[in-house]
Ligand SMILES: [Zn+2]
Ligand SMILES: [Zn+2]
């Protein structure tokens with residue numbers, strides 16, 4: 003068959019697939035128009051609060067002030083983290099917060115791919131060459147994984163790895179002690195709660211890593227994982243999360 007004929011056949015087939023399985027917004031289920039992109043409708047995308055300047059160049063904590071006046075936050079000034087940057091789809095509020103909750107608690111697995119691709123696209127746009135050797139997810143403790151049955155951070159990491167064409171190591175970081183829930187704890191208590199909880203299970207000498215989690219609130223988890231990864235030999239580390247909390251809880 004001539005190339006034009008194959009192309010026509012392909013278009014017809016895709017048209018049929020779209021007819022029987024129209025692409026829907028991964029969050030609200032609304033039918034997607036072509037210009038909406040792959041996963042989210044325009045309404046949902048417009049309701050994701052973007053993370054815009056000014057923010058901390060290390061942990062992406064947003065501040066109020068004129069755009070462009072980025073500066074280190076008090077926490078990063080006092081003790082710089084092991085990671086060099088945090089990329090997030092937006093601020094942890096409104097529709098994006100709802101999306102994270104659907105992924106985390108309501109088994110909306112398709113959101114793992116949708117949100118993962120969204121943050122991967124933002125991460126890739128910050129670099130002109132491939133900056134990572136491995137994608138690593140923040141682990142759940144074995145007992146917690148048995149209760150919850152899946153780790154939302156790993157679903158995101160798999161999507162991000164696929165988008166960036168970088169291998170994902172699900173068990174590279176291990177949480178060998180269960181921890182009390184972090185919610186409601188101060189940042190200091192969160193850090194204490196996480197001390198000595200993670201370890202690295204493989205050689206990562208000289209590797210450039212991307213650490214993935216669903217949300218960054220105080221940054222205590224990413225700080226502690228980062229410390230362990232750098233001590234394990236990683237040469238550099240960035241963090242990718244779906245959402246960044248606008249203030250410390
Ligand atoms: Zn939608
Ligand atoms: Zn900071």
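Residue numbers (the working numbering): 3 to 251. No residue lacks a Cβ here, since even glycine has one placed at the ideal position from N, Cα and C.
Select from the options the residue whose C-alpha is nearest the C-alpha of residue i.
i           : options               : result
residue 205 : 144, 197 and 232      : 232
residue 138 : 175, 124 and 180      : 175
residue 249 : 100, 195, 106 and 188 : 188
residue 130 : 166, 154 and 118      : 166
residue 110 : 158, 186, 146 and 24  : 158
residue 170 : 118, 196 and 76       : 118
residue 195 : 65, 226 and 58        : 226
residue 154 : 35, 121 and 214       : 214
residue 120 : 162, 140, 128 and 146 : 162
residue 230 : 148, 84 and 104       : 84
residue 104 : 190, 31 and 146       : 31
residue 145 : 122, 177 and 45       : 177
Would you list the one or two residues that DSSP bridges to residue i?
i           : result
residue 240 : 212
residue 139 : 214
residue 89  : 242
residue 202 : 175
residue 57  : 64
residue 308 : Residue numbering for the chain in the displayed model covers 3 to 251; residue 308 lies beyond these limits and cannot be assessed.
According to DSSP, is residue i part of a helix, a strand, or is it coil?
i           : result
residue 28  : coil
residue 130 : coil
residue 119 : helix
residue 230 : helix
residue 249 : coil
residue 99  : helix
residue 33  : strand
residue 107 : helix
residue 195 : helix
residue 187 : coil
residue 75  : coil
residue 46  : helix
residue 70  : coil
If you drop the 5 nearest sequence neighbours on each side, which residues of the same chain put their C-beta closer than 7 angstroms to that of residue i?
i           : result
residue 50  : 91, 92, 97 and 98
residue 28  : 41, 42, 112, 113 and 116
residue 234 : 202 and 206
residue 82  : 60
residue 245 : 90, 91, 92, 93, 94, 98, 99, 102 and 217
residue 173 : 203
residue 53  : 62, 64, 90, 92, 93 and 246
residue 34  : 25, 26, 27 and 43
residue 156 : 139 and 172
Which same chain residues end up closer than 6 angstroms to residue i when comparing Cβ atoms and leaving out the 5 residues on each side of it in sequence?
i           : result
residue 247 : 94 and 219
residue 208 : 237
residue 55  : 69, 70 and 72
residue 271 : Limits of the chain in this structure are 3 at one end and 251 at the other, which puts residue 271 out of reach.
residue 1   : Outside the shown range of the chain, which is 3 to 251, sits residue 1, and nothing can be said about it.
residue 67  : 56
residue 74  : 58
residue 164 : none
Is there at least one non-hydrogen atom of ligand 3 closer than 8 angstroms to the beta-carbon of residue i?
i          : result
residue 42 : The ligand content of the structure shown is limited to ligand 1 and ligand 2, which means ligand 3 is not among them.
Once you ignore the five residues that flank residue i on each side, which residues in its own chain have a CB closer than 8 angstroms to its CB?
i           : result
residue 179 : 143, 198 and 199
residue 152 : 109 and 111
residue 182 : 195
residue 134 : 166, 168, 210, 211, 212 and 240
residue 87  : 59, 60, 62, 128, 240 and 241
residue 123 : 165
I'd like to know if residue i contacts chain C, where contact means its C-beta is closer than 9 angstroms to some C-beta of that chain.
i           : result
residue 225 : No chain C is part of this structure, which consists of one protein chain only.
Strictly closer than 6 angstroms from CB to any heavy atom of ligand 1: give me those residues in the order they appear in the chain. 27, 29, 30, 32, 42, 43, 45 and 46
Residues whose Cβ lies closer than 6 angstroms to any heavy atom of ligand 2, in chain order: 58, 60, 61, 63, 74, 75, 77 and 78
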